[in-house]
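Asks: Protein chains in written order, with our numbering: chain A, 517 to 775; chain B, 517 to 775.
Got a structure for you, written out below as structure tokens; questions coming shortly.
There are 2 protein chains.
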Amino acid sequence: MKKTENQRQDTLYVASLEKGMRILSVFSEDRSELGLSEIVRETGLEKSAAQRFVNTLHQLGYLDKNPETRRYRPSLKYLEMAYSYLWSDNLVQLAMPRLIELSNQTQQTINMAKPLETDIMYVIRMPNYRTSFAASVIGRRVPALNASSGRVILSRQSEAMIRACVQDWPLKKYTGKTTMDRGAILENILMAREKGYCLTQKEILPDEINVAAPICSIEGTPIGAIHCSLPAIRWTMEKAEQEIVPLIVETAQAIVPSR
Amino acid sequence: MKKTENQRQDTLYVASLEKGMRILSVFSEDRSELGLSEIVRETGLEKSAAQRFVNTLHQLGYLDKNPETRRYRPSLKYLEMAYSYLWSDNLVQLAMPRLIELSNQTQQTINMAKPLETDIMYVIRMPNYRTSFAASVIGRRVPALNASSGRVILSRQSEAMIRACVQDWPLKKYTGKTTMDRGAILENILMAREKGYCLTQKEILPDEINVAAPICSIEGTPIGAIHCSLPAIRWTMEKAEQEIVPLIVETAQAIVPSR
DNA sequence: ACACTTAGTATTGTATTATAATACAGTTTA
DNA sequence: TAAACTGTATTATAATACAATACTAAGTGT
């Protein structure tokens, strides 16, 4: 065994726990069922280590085991954790009733997202018409620069910060129409900065118009965004601006977390 | 230190990981922000142990730390885990578009739940009018006997099994109208067994009528349920039976997982 | 403003516990 | 029918998690 490059080798760091969590987190959108050897491959752990940790997680109920195939899957405990999170986030609690209301009014798909590193993560989703599965589940991460929510959150930062982020942050090509031109993205964000909301088109899904407005703390720092997806077949940017924007902006502004 | 009652003391069980998970899972609906000492109290771990594990989980990004109060909260990683779970569950993937459709048609609150030990857990929720926060988030657990979904899932088991469960499983008093009479519950379930759906009233929320239908595998074993909540002010059991039941039952029957 | 309690943090020597290696047993592939 | 691959079980070793304890900071009550 080569000496691992573990800098944080203080006595307050439990390496075993890290390995266990590595296994929990190896399951993902495209890795939803894994056998032991696959886990070994994906995590880089020793076979015997993987064996012990998987076994433990199975006994604790975090991984379901298919006795036929001997492969593992995330269990409902994964969902229970989401429940704990959602209760701990008072922004979610504040926003929930208003988003339900908004979803009712507009009869469109409504989301709330929070910034997470260079991404945004969807924390509330209320689909209102047939969309991709990915677009209907919470916990999804998308590069902030790709999403109207991410852009409108960024738009509340200093202009210097915005420029830096637009330059450095990752960007992913989702559709043929995904803007990969960082200049255009900067322009879009600066526009959002002026107007107080962000409009995008066909960035992540081919036939979708998106409207987003920022949620800010009392001090003015952006902590999330509400966003509405509209089918581009039946909507135009102009119509969205007239009919949807006011509702989104008003709802977002009404959400001001106590602290 | 007394010799712990750890039966499963085989070499394939990593006790450290268990302790770490114990900390992750101590956060819940009513424990959403905890300091170190509180964690010590709630988990029963040694102070120094809690210190190490909390520290590790914080460094790994699973716990957010408020530098002011030095208290910890579940991080967005908790949500990311839900995302992994949802992708791994093909029942969820199958059901999602149909539930969106159903939510559209009925304009009522639609849920999908799965059995989990003696509870059910909500895995999809689509609120359509103002409800309690608890009723709008996934991952929530409710005793199976309390919920129409739980009952309708049970109703597809053998009558012997039903009787046993109705006798033994836990029951929680949510409202003044929550049925604590196990005889009445049995009757309700047997009725559901005949009719193929379950109707309840004011069991968990004071002004709510619930309609549930089972989702079964090809072999006929119940693996989940769809359920609709109606405000009792505007609905009666009869109206629900006429207008909602057919839609719910049809949707539930249309969901048959491949294997 | 005072001691006083409670909270979080840092350090260390020890042995308990996680460890890697390896052997074994089923399954699928050629 | 062998070969290559899975998952499972066992063991001796030392590395790592451990509890104790001391320290510091922040509240609490008188």
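Every residue, glycine too, gets a C-beta built ideally from N, C-alpha and C.
Everything numeric in this text was worked out from a predicted model, so none of it was measured.
1. Would A/I731 and A/T752 be called neighbours here (beta carbons separated by less than 9 Å)?
2. Spell out whether any CB of chain B is found under 9 Å from the CB atom of A/I626.
3. Hey, how far is the Cα of B/I678 from the Cα of B/L702?
4. Give the residues of chain A in contact with B/R679, contact being defined as C-beta atoms less than 9 Å apart.
5. Here's a check: name, in chain order, each residue in its chain whose Cβ is nearer than 7 Å to the Cβ of B/V772, leaving out the five neighbours to either side.
6. Keeping to the same chain, check which residues put their C-beta closer than 7 Å to that of A/T695; ignore five residues upstream and five downstream.
7. Distance check for B/Y588 and B/K581, CA to CA, integer angstroms please.
8. Are the C-beta atoms of A/N644 and some chain B residue less than 9 Å apart?
9. Anything in the stretch 591 to 619 of chain B with a Cβ closer than 7 Å to a Cβ of chain A? List those residues in chain order, please.
10. Assign A/N582 to one of three DSSP states: helix, strand, or coil.
11. Quick one: which chain B residues come within Cβ less than 9 Å of A/G655?
12. Taking C-beta to C-beta, are B/A741 and B/A629 nearer than 9 Å?
13. Does the Cβ-Cβ distance between B/Q717 and B/A748 come in under 9 Å?
14. May I ask whether a heavy atom of the ligand ADP can be found less than 8 Å away from the beta carbon of B/K718?
15. In chain B, which residues lie less than 7 Å from A/E549 when you measure between Cβ atoms?
16. Going straight from the alpha carbon of A/A756 to that of A/V727, what length do you get?
17. If you measure beta-carbon to beta-carbon, which residues of the stretch 561 to 580 of chain B are closer than 8 Å to chain A?
18. DSSP on B/Y690, reduced to helix/strand/coil?
19. Can you tell me the Cα-Cα spacing of A/Y638 and B/N644, whole angstroms?
20. Measuring only the C-alpha atoms, how far is B/E507 from B/C681?
21. For A/K535, which of A/P659, A/L632, A/R568 has the nearest alpha-carbon?
22. On the three-state DSSP scale, how would you describe A/K630?
23. Quick check on B/N606: buried or exposed, where buried means 16 or more other Cβ atoms within 10 Å of its Cβ?
24. Which partner residues does A/Y645 have in the DSSP bridge list?
25. Looking at the unbroken beta strand (DSSP E) that takes in A/N704, where does it start and where does it end?
26. What residues of chain A sit near B/E766, judged by a beta carbon separation below 8 Å?
27. Is it true that the CB of B/G655 sits closer than 9 Å to the CB of A/L602?
28. Going along chain A in order, which residues have a C-beta closer than 7 Å to the C-beta of B/M534?
29. Is it buried or exposed, B/T737, if we count other Cβ atoms within 10 angstroms and call 16 or more buried?
30. By how many angstroms is the C-alpha of B/S591 removed from the C-alpha of B/T691?
31. Go to A/S745, then tell me how far its beta strand (DSSP E) extends in each direction, as first and last residue.
Replies: To lay it out plainly:
1. As a working note, residue 731 of chain A is residue 215 in the first sequence. As a working note, residue 752 of chain A is residue 236 in the first sequence. Contact flag unset, no.
2. Here residue 626 of chain A refers to the residue found at position 110 when the first sequence is read from its first residue. With 9 Å as the cut-off, A/I626 does not count as an interface residue toward chain B.
3. Taking the second sequence and counting its residues from 1, the one referred to as residue 678 of chain B is at position 162. Taking the second sequence and counting its residues from 1, the one referred to as residue 702 of chain B is at position 186. When rounded, the distance between both Cα atoms is 8 Å.
4. Looking up residue 679 of chain B in the second sequence gives position 163. Going along chain A, no residue has its Cβ under 9 Å from B/R679, so there is no contact; the nearest lies around 26 Å.
5. The sequence position of residue 772 of chain B within the second sequence is 256, counting from 1. These residues qualify, in order along the chain: I734.
6. As a working mapping, residue 695 of chain A is identified with position 179 in the first sequence. Closer than 7 Å at the Cβ level, and outside the excluded window around A/T695, lie I701, E719.
7. Residue 581 of chain B sits at position 65 when you count from the first residue of the second sequence. Residue 588 of chain B sits at position 72 when you count from the first residue of the second sequence. The straight-line gap from Cα to Cα measures roughly 5 Å.
8. Locating residue 644 of chain A in the first sequence gives position 128, where the first residue counts as 1. By this cut-off, A/N644 is an interface position.
9. L592, Y594, L595, E596, M597, A598, Y599, S600, Y601, L602, W603, S604, Q609, M612, P613, I616
10. By 1-based counting over the first sequence, the position of residue 582 of chain A is 66. Of the three classes helix, strand and coil, the one that applies to A/N582 here is strand, per DSSP.
11. Taking the first sequence and counting its residues from 1, one reaches residue 655 of chain A at position 139. Ordered by position in chain B, the residues that pass the 9 Å Cβ test against A/G655 are L592, Y594, L595, E596, M597, A598, Y599, S600, Y601, L602.
12. Locating residue 741 of chain B in the second sequence gives position 225, counting from the first residue. Locating residue 629 of chain B in the second sequence gives position 113, counting from the first residue. Going by C-beta atoms, B/A741 is nearer than 9 Å to B/A629.
13. The sequence position of residue 717 of chain B within the second sequence is 201, counting from 1. The sequence position of residue 748 of chain B within the second sequence is 232, counting from 1. Closer than 9 Å, so yes.
14. The ligand ADP is not part of the structure shown, which contains no ligands of any sort.
15. Residue mapping note: residue 549 of chain A aligns to position 33 of the first sequence, counting from 1. Near A/E549 (Cβ distances below 7 Å), the residues of chain B are S604.
16. Translated into positions along the first sequence, residue 756 of chain A becomes position 240. Translated into positions along the first sequence, residue 727 of chain A becomes position 211. If you take the alpha carbons of A/A756 and A/V727, they lie about 8 Å apart.
17. Q567, R568, F569, N571, T572, L573, Q575, L576, Y578
18. Along the second sequence, one-based indexing puts residue 690 of chain B at 174. Reduced to three states, the DSSP call for B/Y690 is coil.
19. Residue numbering aside, residue 638 of chain A sits at position 122 when the first sequence is read from its first letter. Residue numbering aside, residue 644 of chain B sits at position 128 when the second sequence is read from its first letter. Answer to the nearest angstrom: the Cα atoms are 19 Å apart.
20. With chain B running from 517 to 775 in the structure shown, residue 507 of chain B is simply not present.
21. Counting from one through the first sequence, the residue named residue 535 of chain A turns up at place 19. Cα-wise, what sits closest to A/K535 is A/R568.
22. What you label residue 630 of chain A is simply residue 114 of the first sequence in a count that begins at 1. Reduced to three states, the DSSP call for A/K630 is strand.
23. Walking along the second sequence from the start, residue 606 of chain B turns up at place 90. Answer is exposed; the Cβ neighbour count stays below 16.
24. Reading the first sequence from its first residue, position 129 is the one you call residue 645 of chain A. BP columns for A/Y645 are empty, so no partner.
25. Taking the first sequence and counting its residues from 1, one reaches residue 704 of chain A at position 188. Not the beta strand (DSSP E): A/N704 falls in the alpha helix (DSSP H), residues 698 to 711.
26. If you number the second sequence from 1, residue 766 of chain B lands on position 250. The contacting residues do not exist; B/E766 stays about 18 Å from chain A at best.
27. Looking up residue 602 of chain A in the first sequence gives position 86. Looking up residue 655 of chain B in the second sequence gives position 139. Against a cut-off of 9 Å, the Cβ pair of B/G655 and A/L602 comes out as a contact.
28. Here residue 534 of chain B refers to the residue found at position 18 of the second sequence. Residue 534 of chain B is actually Glu in this sequence, not Met. Within 7 Å Cβ-Cβ: T572, L576.
29. Stepping through the second sequence from its first residue, residue 737 of chain B is reached at position 221. It counts as exposed.
30. Taking the second sequence and counting its residues from 1, one reaches residue 691 of chain B at position 175. Taking the second sequence and counting its residues from 1, one reaches residue 591 of chain B at position 75. One C-alpha to the other measures close to 32 Å.
31. Translated into the one-based positions of the first sequence, residue 745 of chain A becomes position 229. Note, A/S745: beta strand (DSSP E), 738 to 747.
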